[in-house]
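In the working numbering, the protein residues as written are 2 to 140. Structure first, then comments.
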Amino acid sequence: MQTEPFDYSDYIKKLEAAAKDTFWGFLGCELEEINEKKVIVSLRIAKHHLNLLGILHGGVHASLLDNTMGIAVMVARPHDKIVTTHLALHYVSPLKEGKIYIIGKVVHQSRRMITAQGEIKNEKGKLSSFGTGSFQLID
2 MQTEPFDYSD YIKKLEAAAK DTFWGFLGCE LEEINEKKVI VSLRIAKHHL
52 NLLGILHGGV HASLLDNTMG IAVMVARPHD KIVTTHLALH YVSPLKEGKI
102 YIIGKVVHQS RRMITAQGEI KNEKGKLSSF GTGSFQLID
């Protein structure tokens, strides 16, 4: 039995509308690209994203990676409810200003668990942080 191709443009609109008034919207994230292979999110760094050292707060890194990998997982399983069960991050270089890009993709799926990886890069493509996440389907 053949199924119809998934409508990503409609899915993006629904995700953006649902996320507008959540933490995602507060951060100021924008969906740049979404397909079955990867998700790209962008963020223009603002003063409220910085820590006392004037660099992007580690919690913002974590939130961006969690959200972006989570969207990649949601694209892989669009009809399931999914939550993060584990998040591992590595901070490589600081970010202070400009537009950044967060790339997320699914690397493994089983019946109830999905593993994703993500990375944050600056406008020039320099790696700032990367991580992996485990996600579980819930009833």
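Backbone N, C-alpha and C define an ideal beta-carbon position, used for all residues, glycine too.
Pair within 7 Å by beta-carbon distance, residue i and residue j
i, j, result
"ILE101", "ILE72", "no"
"ILE104", "ILE41", "yes"
"ILE13", "ILE35", "yes"
"GLY29", "LEU44", "yes"
"LYS39", "LYS106", "yes"
"LEU66", "GLY119", "yes"
"LYS63", "LEU90", "One detail in the question is off: residue 63 reads as Ala in this sequence, not Lys. In contact: ALA63 and LEU90 (Cβ atoms closer than 7 Å)."
"VAL93", "LEU51", "no"
Coarse secondary structure for residue i, derived from DSSP in three states
i, result
"ASP72", "Checking the sequence shown, residue 72 turns out to be Ile, not Asp. Correct three-state label for ILE72: helix."
"LYS48", "helix"
"SER10", "helix"
"HIS87", "strand"
"GLU17", "helix"
"VAL93", "coil"
"SER129", "strand"
"HIS62", "helix"
"GLY26", "helix"
"MET2", "Only weak support exists for where MET2 lies, its pLDDT of 47 falling under 50; the value from the coordinates is given anyway. In this structure, MET2 counts as coil in the three-state DSSP scheme."
Reference residue i, options the options, closest by Cα
i, options, result
"THR85", "GLU98, VAL76, ALA117, SER94", "ALA117"
"VAL108", "LEU32, GLU34, GLY132", "GLY132"
"PHE1", "ILE115, HIS80, VAL61", "In the structure as shown, the chain begins at 2 and stops at 140. Residue 1 is therefore absent and cannot be evaluated."
"ASN68", "LEU96, TYR9, PHE24", "PHE24"
"ASP146", "HIS87, ASP22, ARG112", "Missing from the structure shown is residue 146; the chain here goes from 2 to 140 and no further."
"ILE115", "HIS50, ALA20, ILE83", "ILE83"
"HIS87", "ASP22, VAL93, ASN123, PHE136", "PHE136"
"SER130", "ALA20, ASP11, LEU57, GLU31", "LEU57"
"PRO79", "GLU37, ASN52, HIS50, TYR92", "GLU37"
"PHE110", "GLU124, ASN123, ASP11, ALA77", "For clarity, residue 110 is Gln in the given sequence; the question names Phe instead. GLN110 has its Cα closest to that of ALA77, out of GLU124, ASN123, ASP11, ALA77."
"SER10", "GLY126, GLU124, ASN123, LEU32", "LEU32"
Whole-angstrom C-beta distance between residue j and residue i, which should lie under 8 Å
i, j, result
"GLY134", "MET70", "4 Å"
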